[in-house]
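Asks:
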Amino acid sequence: MSEDILLLDTDVETALRAAVRSLLTERCDPAAVLTAYAGDRSLTRALWKPITTELGLAGLLIPENRGGAGGSAREAAVVLEELGRYAAPVPFLTSSVIAATVLLAGDSELIGQLATGECTAALLAPFSAATVEQIPTLTKDADGRLSGRVTSVAGALESDVLLAAVQTPAGTEVHALATAAVTAEPVVSLDMTRPLADITVDSAPGRVVVEAGAGLPALRVGLAIGAALLASEQAGIAAWCLDTTVAYLKVRRQFGRVVGGFQALKHRLADLYVELESARATARYAAGAIAAGDPDAAVATAVAAAYCGDIAVHAAEEAVQLHGGIGMTWEYPVHLYLKRAKADQIGLGSPAYHRSVLAGLIDLPLGRK
Amino acid sequence: MTNPEAVREDLRGRVAALLAEHDPAATDPVTFHRARFDAGLAWVYYPQGVGGLGVDRELQPFVDALFEQAGAPGNNPELNGIGLGMAAPTILAYGTPEQRLRYLRPLWAGEEIWCQLFSEPGAGSDLAAVSTRAVRDGDDWIVNGQKVWTSVAHKAQRAILVARTDPNRSKHAGLSYFVCDMTDPGVDVRPLRQITGEAEFNEVFLTDVRIPDANRLGQEGEGWRVANTTLNNERVSIGGRPVPRESGLLGAVTRTWRNNADKHTPELHDRLLRLWVDAEAARLAGTRLRQRVAGGQPGPETSALKLSFARINQQLSGFEVELLGEEGLRYDDWTMVRPDRVDFAGREAGYRYLRAKGNSIEGGTSEIMRNIVAERVLGLPSEARGDKDIAWKDLIR
Ligand SMILES: Cc1cc2nc3c(=O)[nH]c(=O)nc-3n(C[C@H](O)[C@H](O)[C@H](O)COP(=O)(O)OP(=O)(O)OC[C@H]3O[C@@H](n4cnc5c(N)ncnc54)[C@H](O)[C@@H]3O)c2cc1C
Chain A
0 MSEDILLLDT DVETALRAAV RSLLTERCDP AAVLTAYAGD RSLTRALWKP ITTELGLAGL
60 LIPENRGGAG GSAREAAVVL EELGRYAAPV PFLTSSVIAA TVLLAGDSEL IGQLATGECT
120 AALLAPFSAA TVEQIPTLTK DADGRLSGRV TSVAGALESD VLLAAVQTPA GTEVHALATA
180 AVTAEPVVSL DMTRPLADIT VDSAPGRVVV EAGAGLPALR VGLAIGAALL ASEQAGIAAW
240 CLDTTVAYLK VRRQFGRVVG GFQALKHRLA DLYVELESAR ATARYAAGAI AAGDPDAAVA
300 TAVAAAYCGD IAVHAAEEAV QLHGGIGMTW EYPVHLYLKR AKADQIGLGS PAYHRSVLAG
360 LIDLPLGRK
Chain B
0 MTNPEAVRED LRGRVAALLA EHDPAATDPV TFHRARFDAG LAWVYYPQGV GGLGVDRELQ
60 PFVDALFEQA GAPGNNPELN GIGLGMAAPT ILAYGTPEQR LRYLRPLWAG EEIWCQLFSE
120 PGAGSDLAAV STRAVRDGDD WIVNGQKVWT SVAHKAQRAI LVARTDPNRS KHAGLSYFVC
180 DMTDPGVDVR PLRQITGEAE FNEVFLTDVR IPDANRLGQE GEGWRVANTT LNNERVSIGG
240 RPVPRESGLL GAVTRTWRNN ADKHTPELHD RLLRLWVDAE AARLAGTRLR QRVAGGQPGP
300 ETSALKLSFA RINQQLSGFE VELLGEEGLR YDDWTMVRPD RVDFAGREAG YRYLRAKGNS
360 IEGGTSEIMR NIVAERVLGL PSEARGDKDI AWKDLIR
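Those protein sequence lines, which keep their order, are chains A and B.
Going by numbering that gives the first Met the number 0, the letters in the first sequence line up with residues 0 to 368, in that order.
Going by numbering that gives the first Met the number 0, the letters in the second sequence line up with residues 0 to 396, in that order.
In structure tokens:
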């Protein structure tokens, strides 16, 4: 546990945050986000392009010598916090964080394409998968063609390439297969801002991007960094929920006064503020520990994932409640955040799962050792 | 010197020089602490001349650790928490140069223990309602009134005191802030037994206590502002200190867990892990806040830390009693004693459970902390107040 890890933004991070925020303020209007629920995915394309080309964020975590921006988990966390604030429907987490991290374990040219945004990738696993055991493996026939089915895959609909785990006698390989070569059935998802798809692979050609020996650790690291950084997205969701609710309750009047002046509500908002500050601290600490290669990264990840998942849901549920009737309406954006928060709580391992991981890491077993 | 490594190097050199001159093992604690103060190594973020070097506040733990490694003596931090945590920053902010010199060194050296004469039977959360009167008499003030819940008054030589100097002004405007000599013959300290059986706090009766005007901190009538500096620092010293992971009550609970495998159930296990995560999250939030205010005065955000600290301590201590089962039904000691300090580490689970109840009351209740966060951090409207512009003497009490 390192006390030296900065839990605030550096100057570079402040600038990055401002850039992402200004782009999203301009082009990620909640009304446009809402269209995802009608199956309209044009906002995703409209946002992802400037995020990759203007801001150059697709390859944020990819080192410069492999064509990326050479950023660290800290910067990716800042980006995710902002994306969470806007419930932005872009594949940054699935492609730039999880898929990119998996790919780094191999030396395919795909990394370079991912880095420039030429190509977007997704891990072929249910969004809820927390362990490599929960990633279904595809079978490889004599001709090297892949088959299998994986349900509830996040990021697949906006991907050009899927990264699949393939079991071989030598171990688990990671293969890249073209999304165009598989059947991707869109799923009606709880969170349509990160929609899922069921993928059927039927004798599709794949190419190895991570060799058998390195496959499992690569997948493990991909899931871990995904869980660690998802916490920042969750902190961003909670921040939007609190800020928006506070702003609304400062103007909404009932009983001849501003309802934000009622102590019962003030106290609930104060409690949310306390939770949000803690969520930000755990999320930044996890990102910082990963960026620094700190041995505490595993504990930091488990804490952030366990804490932020529940806090984001709590913040969104309070936001709905404290907005009253308007919180239940389709037109008002708070439901976008509730759906995102609830889906994120399950994504990459539930808080209960991360607590059980933590128990092992901090020597607090159930029963005798 | 802006390079943090260079500052650390410099501090390391100063600590080594002091240790070379004063062998901690062979020097009596007071002498050692006076020397540490004079070398600017007491609270390094204070200005030069009053125990500091004017460096970043975040460097204090670094210096403390160097002294600890060298086996330097303690300066009664457990007993003098009010002095070190609350009186000192207030004196620094509002004291004259003479007052700083007179009070800070013996305070730091642990020679003088301080207590806080704020709360009264009629003024708790509504601290600005105090009715203890201070009436001007030449160069002195004559003080009369009653204070309550005063921790360590029975050990203290000095006190910070809020008293009413002008009852004709509104309740916030007519207050002044003093340093009171607890050895004055007009100060009568009586133990007040508490929920744990012991008497950590007291009632204090003030009868014609004479306080020289030179012992006033801040302007006459400015007592509320001065008191707020104290209260902000109180929240930091209650909930905002840097703490190692799994320390405090969490440490007690995890030890109990590890030593009592026969009492584990899956339900308790999940609760334990939730508490661990909550405590770690609160700890990191404290670190983040300290990084944000490094150097500056703590603001209303610190109320958030005190809120989580109180909630977590109460949940942890309640959990521990339950975990212990049959053993949790027993209590270690109901004897009425007058302890020096809160003894979370030396007493058993039942004591921790009962004493932690005070964490959401002392230093401002959790309800008041939530009001502060809501109004001063989130900017929500304050409660309608009927007493704001009325002279204190005309208020219904
Ligand atoms: C262990 C311990 C040590 C202490 N040590 C000291 C000390 O050394 N020196 C000192 O001066 N004081 C000390 N105190 C006193 C402490 O600061 C007060 O107890 C505290 O500020 C609350 O005041 P009160 O007890 O009068 O409660 P009250 O103010 O009477 O409050 C009663 C209840 O009403 C609630 N309440 C009050 N106002 C509001 C409001 N506006 N909105 C919502 N709820 C409200 C409170 O939260 C509480 O639940 C100590 C207290 C304890 C428990």
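Heads up, the beta-carbon is just placed ideally off N, CA and C, and yes, glycines get one too.
If I'm right that Leu174 of chain B touches Trp223 of chain B with Cβ under 8 Å, what's the distance once you round it to whole angstroms?
Replies: Contact holds; Cβ gap of about 5 Å.
Asks: In this structure, what does DSSP give as the bridge partners for Trp140 of chain B?
Replies: Partner(s): B:Arg135, B:Ile210.
Asks: Using a threshold of 8 Å, state whether the C-beta atoms of Lys387 of chain B and Ser130 of chain B are closer than that.
Replies: Taking 8 Å as the Cβ cut-off, Lys387 of chain B and Ser130 of chain B do not qualify as a contacting pair.
Asks: In chain A, what lies closer than 8 Å to Pro265 of chain B by C-beta?
Replies: Those within 8 Å of Pro265 of chain B in chain A are Leu365.
Asks: Report yes if the C-beta distance between Ala315 of chain A and Ala280 of chain A is below 8 Å; otherwise report no.
Replies: Taking 8 Å as the Cβ cut-off, Ala315 of chain A and Ala280 of chain A do not qualify as a contacting pair.
Asks: Relative to the C-alpha of Arg354 of chain B, which candidate in B:Glu382, B:Ser381, B:Ser316, B:Gly123 has its C-alpha closest?
Replies: The candidate whose alpha carbon is nearest that of Arg354 of chain B is B:Ser316.
Asks: In this structure, how does DSSP classify Trp223 of chain B when only helix, strand and coil are distinguished?
Replies: Reduced to three states, the DSSP call for Trp223 of chain B is helix.
Asks: Could you tell me which of A:Asp190, A:Val131, A:Thr13, A:Leu60 sits nearest to Leu374 of chain A, measuring between CA atoms?
Replies: The requested residue 374 of chain A is not part of the displayed model; chain A covers only 0 to 368.
Asks: Considering just the uninterrupted stretch of the beta strand (DSSP E) at Ala196 of chain A, what are its terminal residues?
Replies: Run containing Ala196 of chain A: 195–204, per the beta strand (DSSP E) assignment.
Asks: Classify Asp362 of chain A as buried or exposed, calling it buried when 16 or more other Cβ atoms lie within 10 Å of its own Cβ.
Replies: Exposed is the call here.
Asks: Would you call the CB atoms of Arg193 of chain A and Pro364 of chain A closer than 8 Å?
Replies: In this structure, Pro364 of chain A does not lie closer than 8 Å to Arg193 of chain A by Cβ.
Asks: From the beta carbon of Ser146 of chain A, is the nearest beta carbon of chain B less than 8 Å away?
Replies: False, the Cβ-Cβ gap to chain B never drops below 8 Å.
Asks: Quick check on the burial criterion: 16 or more other C-beta atoms within 10 angstroms. Buried or exposed for Thr52 of chain A?
Replies: Answer is exposed; the Cβ neighbour count stays below 16.
Asks: Quick one: measure Cβ to Cβ for Asn259 of chain B and Leu322 of chain B, integer angstroms, because I've assumed they're closer than 8 Å.
Replies: Correct: roughly 7 Å between the Cβ atoms.
Asks: Does chain D have any CB closer than 8 Å to the CB of Ile289 of chain A?
Replies: Looking for chain D here will not work: the only protein chains present are A and B.
Asks: Count the other C-beta atoms from every protein chain shown that fall within 10 angstroms of the C-beta of Trp333 of chain B, then say buried if there are 16 or more, exposed otherwise.
Replies: With fewer than 16 other Cβ atoms within 10 Å, it is exposed.
Asks: Could you list which residues in chain A have their beta carbon closer than 8 Å to that of Val380 of chain B, in chain order?
Replies: The sequence shown places Pro at residue 380 of chain B, not Val. Result: Lys249, Arg256, Val257, Gly259, Gly260.
Asks: Does the distance from the CB of Glu111 of chain B to the CB of Arg163 of chain B come in under 8 Å?
Replies: Result no, Cβ atoms of Glu111 of chain B and Arg163 of chain B do not sit closer than 8 Å.
Asks: Go to Leu268 of chain A, then tell me how far its alpha helix (DSSP H) extends in each direction, as first and last residue.
Replies: 262–290 is the extent of the alpha helix (DSSP H) around Leu268 of chain A.
Asks: In whole angstroms, give me the CA-to-CA distance for Ser150 of chain B and Ile81 of chain B.
Replies: The straight-line gap from Cα to Cα measures roughly 9 Å.
Asks: Tell me which same chain residues have a C-beta within less than 8 Å of the C-beta of Ile194 of chain B, skipping the five on either side of it?
Replies: Contacts found: Leu353, Arg354, Lys356, Gly357.
Asks: Only counting the same chain, and skipping five residues up and downstream in sequence, which positions put a Cβ closer than 7 Å to that of Phe376 of chain B?
Replies: In the sequence on display, residue 376 of chain B carries Val and not Phe. Excluding sequence neighbours, Val376 of chain B sits near Pro299, Glu300.
Asks: How far does the beta strand (DSSP E) with Arg144 of chain A in it extend, from its first residue to its last?
Replies: Looking at the DSSP string, the run of the beta strand (DSSP E) that includes Arg144 of chain A is 144–153.
Asks: Measuring straight from C-alpha to C-alpha, what distance separates Thr300 of chain A and Asn312 of chain B?
Replies: Computed Cα separation, rounded: 24 Å.
Asks: Along the stretch 268–282 of chain B, what residues have a CB closer than 8 Å to any CB found in chain A?
Replies: Result list: His268, Asp269, Leu271, Leu272, Arg273, Trp275, Val276, Asp277, Glu279, Ala280, Ala281.
Asks: For Ile224 of chain A, count neighbouring C-beta atoms within 10 Å of its own C-beta (all shown protein chains included) and say buried if the count is 16 or more, exposed if not.
Replies: Buried.
Asks: Got a sec, what are the start and stop residues for the alpha helix (DSSP H) Pro88 of chain B sits in?
Replies: First-last of the alpha helix (DSSP H) with Pro88 of chain B: 87–93.
Asks: Shorter than 8 Å from the beta carbon of Ser94 of chain A to some beta carbon of chain B?
Replies: False, the Cβ-Cβ gap to chain B never drops below 8 Å.
Asks: Is it a yes or a no for the stretch 206–213 of chain B touching the stretch 139–148 of chain B, going by three-plus beta-carbon pairs under 8 Å?
Replies: Verdict: yes, contact present.
Asks: Please confirm if the stretch 57–65 of chain A is in contact with the stretch 96–111 of chain A, defined as three or more CB-CB distances below 8 Å between the two stretches.
Replies: Yes, since at least three Cβ pairs between the stretch 57–65 of chain A and the stretch 96–111 of chain A fall closer than 8 Å, the two stretches touch.
Asks: With DSSP run on the structure shown, which of helix, strand or coil describes Met0 of chain B?
Replies: Any reading at Met0 of chain B needs caution, since the residue's pLDDT is 47, under 50, leaving its predicted position unreliable; the model's value is listed next. Coil, per DSSP.
Asks: When you compare the CB of Glu2 of chain A with every CB in chain B, is at least one pair closer than 8 Å?
Replies: True, the Cβ-Cβ gap to chain B drops below 8 Å.
Asks: In whole angstroms, what is the alpha-carbon distance linking Pro105 of chain B and Leu78 of chain B?
Replies: Going by the C-alpha atoms only, they are around 14 Å apart.
Asks: So does the stretch 181–190 of chain A actually touch the stretch 331–350 of chain A, counting three or more Cβ pairs closer than 8 Å?
Replies: Yes, since at least three Cβ pairs between the stretch 181–190 of chain A and the stretch 331–350 of chain A fall closer than 8 Å, the two stretches touch.
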